[in-house]
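J.: As given, the protein sequences belong to chains E and H, one line each in that order.
Under the working numbering, residues 5 to 186 are what the first sequence spells out, in order.
Under the working numbering, residues 179 to 295 are what the second sequence spells out, in order.
Just so it is clear, CB atoms sit at the ideal spot from N, CA and C, and this is done for glycine as well.
It should be emphasised that the depicted structure is a prediction, and the values quoted were computed from it without experimental measurement.
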Amino acid sequence: MSLSDQELIARVVNRRDQHAFAQLVLRYQSALRIWARRLCNGDTHLADDLAQETFMKAYAALGAFRAEAKFSTWLYRIAFNIAANRWRAKKIEWCELDENEEIEAEQCSVTQFHAQKDVEAAMQSLSAGQQLAIRLCYEDGFSHEEAASIMGIPLGTVKTHIARGKTKLQSLLASWQDALPH
Amino acid sequence: MNDNDMKSPVNADDPFDGFLRQQLHTDYIDDNGFAAQVMASLPAQKPLKPWLEKALIALPVAIIAFLVLRHLPWRDLVQPVYAWFLLLDMTSLISMAVAVFFALVVAPVAWILNSDS
């Protein structure tokens, strides 16, 4: 039986149980690395470095974690702060890496692949804030409030980002929208 | 803040929301040693000093033992033992002295020597 996040966190805080923390890392490594890749614009090495630093900071500050928020929200927030600091220090280079393009093309059906490519291309035309807000809510399933907490911006701004981003995506992806069931 | 703020804004009935969610899905990233790398980079746990570790065990044991022993009826326990001791003959007394000597001196010394080796 796997322990809940809260139980694992309690073990880490009370007993400095590194095995419990390893379970948390295994549980969230994929989601956090995906989030880090978005923050690093696809650079997998920078993203893994960012994710690792996030886990290290989380371990050091776990005693300050309050169960009012989800653990994932808290982790995403730490990663976002580290990335924001790196942007300010210009340590993160924005680059266009798409190493897995060919593999993805083989794995997906042609239609699915083209739809995904079009959505990704349309996403690139949105502002960074709109992209992150939409990905947090549509890809990771966070609420408006959680997305606002992660990005450190007001709730209203997140709603505006999503509404405007979605409107723009709808117009850019109009050809796909026509094919959707009504 | 209303209840909608706490829920995912994705509308299950909206075909475009469903389409967007499906297309934005990213595959799971395998661990491939990442977790081990994170764990290796964490600060090493500082082990407690041996004397502190022993003190942490010994102190509560001593306090509990003291509290228990304080409530024992010592007079009632000691009197019959003392009376029995006065009635012992010399042979029994010597055997008992040897047993006590062994229990108090030889056994601890043997244990210490054994643990040192």
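#1: Since R168(E) contacts R42(E) with CB under 8 Å, what's their CB separation in whole angstroms?
#2: If you check the beta carbons only, do S76(E) and Y32(E) fall under 8 Å apart?
#3: Identify the contact partners of S273(H) in chain E, using a Cβ-Cβ distance below 9 Å as the criterion.
#4: Near K170(E), what residues of its chain come up, given a Cβ to Cβ distance below 6 Å and the 5 sequence neighbours on each side ignored?
#5: So, helix, strand or coil for N189(H), using DSSP?
#6: N45(E) lies in the alpha helix (DSSP H); which residues open and close that run?
#7: I'd like to know if the region 212-223 of chain H and the region 45-64 of chain E are in contact, where contact means that at least 3 CB-CB pairs between them fall below 8 Å.
#8: Which residues in the same chain have their Cβ closer than 8 Å to the Cβ of G190(H), if we skip the five residues on either side of it in sequence?
#9: Around the C-beta of A126(E), are 16 or more other C-beta atoms found within 10 angstroms, so that it is buried, or is it exposed?
#10: Please determine whether the Cβ atom of L198(H) lies at a distance below 7 Å from any heavy atom of the ligand FMN.
#11: Tell me which residue opens and which closes the alpha helix (DSSP H) that I157(E) is part of.
T.: Well, looking at it:
#1: Residue numbering aside, residue 168(E) sits at position 164 when the first sequence is read from its first letter. Residue numbering aside, residue 42(E) sits at position 38 when the first sequence is read from its first letter. About 19 Å separates the two Cβ atoms, so there is no contact after all.
#2: Working through the first sequence from its first residue, we reach residue 76(E) at position 72. Working through the first sequence from its first residue, we reach residue 32(E) at position 28. Less than 8 Å separates the beta-carbon of S76(E) from that of Y32(E).
#3: Stepping through the second sequence from its first residue, residue 273(H) is reached at position 95. Chain E residues near S273(H): none, gap ~50 Å exceeds 9 Å.
#4: In the first sequence, the residue the question calls residue 170(E) occupies position 166. Excluding positions up to five away in sequence, the list is empty.
#5: Numbered from its first residue, the second sequence carries residue 189(H) at position 11. Note: N189(H) maps to coil in three-state DSSP.
#6: Residue numbering aside, residue 45(E) sits at position 41 when the first sequence is read from its first letter. Per DSSP, N45(E) belongs to no alpha helix (DSSP H) and is neither H nor E.
#7: Judged by Cβ distances under 8 Å, the region 212-223 of chain H makes contact with the region 45-64 of chain E, as three or more pairs qualify.
#8: Residue numbering aside, residue 190(H) sits at position 12 when the second sequence is read from its first letter. In the sequence as displayed, the identity of residue 190(H) is Ala instead of Gly. So the qualifying residues of the chain are G196.
#9: Taking the first residue of the first sequence as position 1, residue 126(E) is located at position 122. That one is buried.
#10: Only the bare structure without any ligand can be found here, which leaves the ligand FMN out of the picture.
#11: Position 153 of the first sequence, counted from the start, is the residue given in the question as residue 157(E). Premise fails: I157(E) is in no alpha helix (DSSP H) and is neither H nor E.
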